[in-house]
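> Under our numbering, think of the first position of the sequence shown as -7, with each following residue one higher.
Ideal Cβ placement from N, Cα and C applies to all residues, glycine included.
As the structure is a prediction and not an experimental result, all values here were calculated from the model.
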Amino acid sequence: MTDVAERLEELRDRGLYRRLRLVEGRQGPRVLLDGRPVLLLCSNNYLGLADHPEVRRAAAEAAMRWGAGAGASRLISGNMEPHRQLEERLAAFKGYEAALLFGSGYLANLGAISVLAGRGEVVFSDELNHASIIDGCRLSRAETFVYRHADVEHLAWGLERAGGRGSLIVTDGVFSMDGDVAPLEALAETARRHGCRLMVDEAHATGALGPGGRGAVAAAGLSGEVDLIVGTLGKALGSYGAYACAGRELHDLLLNAARPFIFSTAPPPPVLAAAAAALELLESAPRRVERLRANAAALRGALAAEGLGVDRGECQIVPVEVGDAGRTMALSERLLERGVFAQGIRPPTVPEGSSRLRLTVMATHREAELRRAARLAGEAARELGVVAGSPSAPVAVAA
Ligand SMILES: Cc1ncc(COP(=O)(O)O)c(C=O)c1O
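1) Spell out a yes or no on whether the segment 4 to 17 and the segment 251 to 262 are touching, meaning 3 or more CB-CB pairs, one atom from each, closer than 8 angstroms.
2) Report the rounded CA-to-CA distance for residue 373 versus residue 383, giving the unit in angstroms.
3) Decide yes or no for the touch test of the segment 218 to 236 against the segment 99 to 106: beta carbon pairs closer than 8 angstroms, at least 3 of them.
4) Do residue 122 and residue 168 have their beta-carbon atoms positioned less than 7 angstroms apart in this structure?
5) Use the C-beta contact count for residue 255: other C-beta atoms within 10 angstroms, 16 or more gives buried, fewer gives exposed.
6) Are the C-beta atoms of residue 118 and some chain B residue less than 7 angstroms apart?
7) Can you grab the Cα-Cα spacing for the pair residue 129 / residue 109, in whole Å?
8) Give the DSSP-derived three-state secondary structure of residue -1 in the structure shown.
9) What are the start and end residues of the beta strand (DSSP E) that includes residue 190?
10) Would DSSP call residue 383 helix, strand or coil?
11) Let me confirm a value: residue 335 is counted as buried when at least 16 other C-beta atoms fall within 10 Å, else exposed. Which label applies?
12) First and last residue of the beta strand (DSSP E) that includes residue 235?
13) Put residue 276 into one of helix, strand or coil per three-state DSSP.
14) Quick one: measure Cβ to Cβ for residue 284 and residue 39, integer angstroms, because I've assumed they're closer than 8 angstroms.
15) Over what stretch of residues does the beta strand (DSSP E) that includes residue 85 continue unbroken?
16) Can you find the residues in the same chain that come closer than 7 angstroms, C-beta to C-beta, to residue 242, ignoring five residues on each side of it along the sequence?
17) Would residue 147 and residue 116 be called neighbours here (beta carbons separated by less than 7 angstroms)?
18) Taking contact to mean at least 3 C-beta pairs separated by less than 8 angstroms, is the segment 205 to 214 in contact with the segment 49 to 57?
19) Expressed to the nearest angstrom, what Euclidean distance is found between the alpha-carbon atoms of residue 34 and residue 155?
20) Are at least three pairs of beta-carbons, each pair with one atom in the segment 329 to 343 and one in the segment 288 to 299, less than 8 angstroms apart?
21) Quick check: what's the CA-CA separation for residue 136 versus residue 193?
22) Looking at the unbroken alpha helix (DSSP H) that takes in residue 327, where does it start and where does it end?
23) In chain order, which beta strand (DSSP E) runs of at least 3 residues are fully inside the segment 212 to 267?
24) In this structure, what does DSSP give as the bridge partners for residue 198?
25) Does the Cβ of residue -7 have 16 or more other Cβ atoms within 10 Å, making it buried, or fewer, making it exposed?
26) Helix, strand or coil for residue 310 per DSSP?
27) Where do the ends of the alpha helix (DSSP H) carrying residue 47 lie?
28) Answer yes or no: do residue 273 and residue 214 have a C-beta to C-beta separation smaller than 7 angstroms?
29) Which residue marks the beginning of the beta strand (DSSP E) containing residue 161, and which one marks its end?
30) Looking at the secondary structure, which residues open and close the beta strand (DSSP E) in which residue 90 lies?
31) By the 10 Å Cβ neighbour count, where 16 or more other Cβ atoms means buried, how is residue 11 classified, buried or exposed?
32) Residue 9 to residue 3, Cα distance in whole Å?
33) Spatial neighbours of residue 368 within its chain, please: CB distance less than 7 angstroms, with the 5 preceding and 5 following residues excluded, ordered by chain position.
34) Which of the three DSSP states, helix, strand or coil, is assigned to residue 139?
35) Hey, is residue 195 close to ligand 1, as in C-beta under 6 angstroms from one of its heavy atoms?
36) Among 354, 41 and 253, which one has its Cα closest to the Cα of residue 286?
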């Protein structure tokens, strides 16, 4: 057996082997998955903008006007009008002096963290931060202090011990696999007290939280105070790519020093035009955000009635913790057989022993179909012994 085959075998043995599934057609609340119609409950297209006609039209028109690609990195010859326009709009939306586009959220986190922390310094990172933050910490070559999830006292203890070497606190705004919100006010206060910068990843908060979907930082009234925000264009904004918002000086430093910005081709104009159209829709019709919140509450309530643990948070990300990776995937399969696609999440995405279904709600789901999905999840979970007993209250079932 080759070493490659051995590694694949080991993944299979541990219930961690992954394979791709195919979505046919556009991303919507219901899709054809490997040829079968399913309710999609694991997309980050939270506001349903990825397949909105105006967003698609904007991308198509931009392709005709500006072309398919930017042809080079921004600092060579790839800087075009759509980049400048979208950066200005994103900065204004988030309440910052400036924004800088990156190829993806993953790259933005690598770039921003490695600029804000360096060798000899300490970066403080929540234990449930996204993998791209973890990798950004590694790339920075700073020492990383991983504080217990949302535990500001543990963080403060670490900062004391770092004795002035602390340069950055970094956190998800909404935690990607748990759906809870970081204690941003306390983090900002702690950062201020210790003379440390604070960076918040708004990947799952933009379009979901705060006034008009401006995010968790805006919801906490901290727009100027958080030194740097990273947001993605690939989730609620329905496109692809990412941005960092900061003061002008820090923006200029990122532009000069963030390697994923400098050494990577600029995002393509159609992708930016799609994001700009989505942002316009979000600003002109913030009711989508309210709809998302109402749907999240409906799904959480219906799952709770089925005895499925969703105690954390109020957001559109709803974890159903199972524990074991194999059982998690079995639950996902059972649910799929019933026409509901909810992806199982396993290590290394979540800590060992905390595998789960990660259900995500969209503003374009119908409340009745969410209730029905919860009932089916309860049924499948009882079959597999993931929960015992019967539902606590009758749940309205859609036709
Ligand atoms: C919290 C968080 N940050 C960053 C990313 C990466 O963003 P992107 O998909 O744009 O690379 C993700 C998800 O993919 C995420 O969940």
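From the atom records:
1) no
2) 11 angstroms
3) Yes, the segment 218 to 236 touches the segment 99 to 106.
4) yes
5) Exposed is the label assigned to residue 255, since fewer than 16 other Cβ atoms lie within 10 Å of its Cβ.
6) Of the protein chains in this structure there is only one, and it is not chain B.
7) Residue 109 has its alpha-carbon roughly 8 angstroms from the corresponding atom of residue 129.
8) It is helical.
9) 189 to 193
10) Coil, per DSSP.
11) buried
12) Per DSSP, the unbroken beta strand (DSSP E) holding residue 235 starts and ends at 234 to 238.
13) DSSP places residue 276 within a helical segment (H, G or I) once states are collapsed to three.
14) 6 angstroms
15) Per DSSP, residue 85 belongs to no beta strand (DSSP E); it is in the alpha helix (DSSP H), 73 to 86.
16) 219 and 220
17) yes
18) Remark: fewer than three beta-carbon pairs, one from each stretch, lie closer than 8 angstroms, so the segment 205 to 214 and the segment 49 to 57 are not flagged as touching.
19) 43 angstroms
20) Judged by pairs of C-beta atoms under 8 angstroms, the segment 329 to 343 does not touch the segment 288 to 299, as fewer than three such pairs exist.
21) Taking the straight line from one Cα to the other gives about 17 angstroms.
22) 317 to 329
23) You should have 220 to 224 and 234 to 238.
24) None, per the DSSP bridge assignment.
25) Classification for residue -7: exposed.
26) Secondary structure of residue 310 (DSSP, three-state): strand.
27) Run containing residue 47: 45 to 58, per the alpha helix (DSSP H) assignment.
28) no
29) 158 to 164
30) 90 to 94
31) exposed
32) 5 angstroms
33) 327, 330 and 332
34) strand
35) yes
36) Between residue 286 and the set 354, 41 and 253, the nearest pair of CA atoms involves 354.
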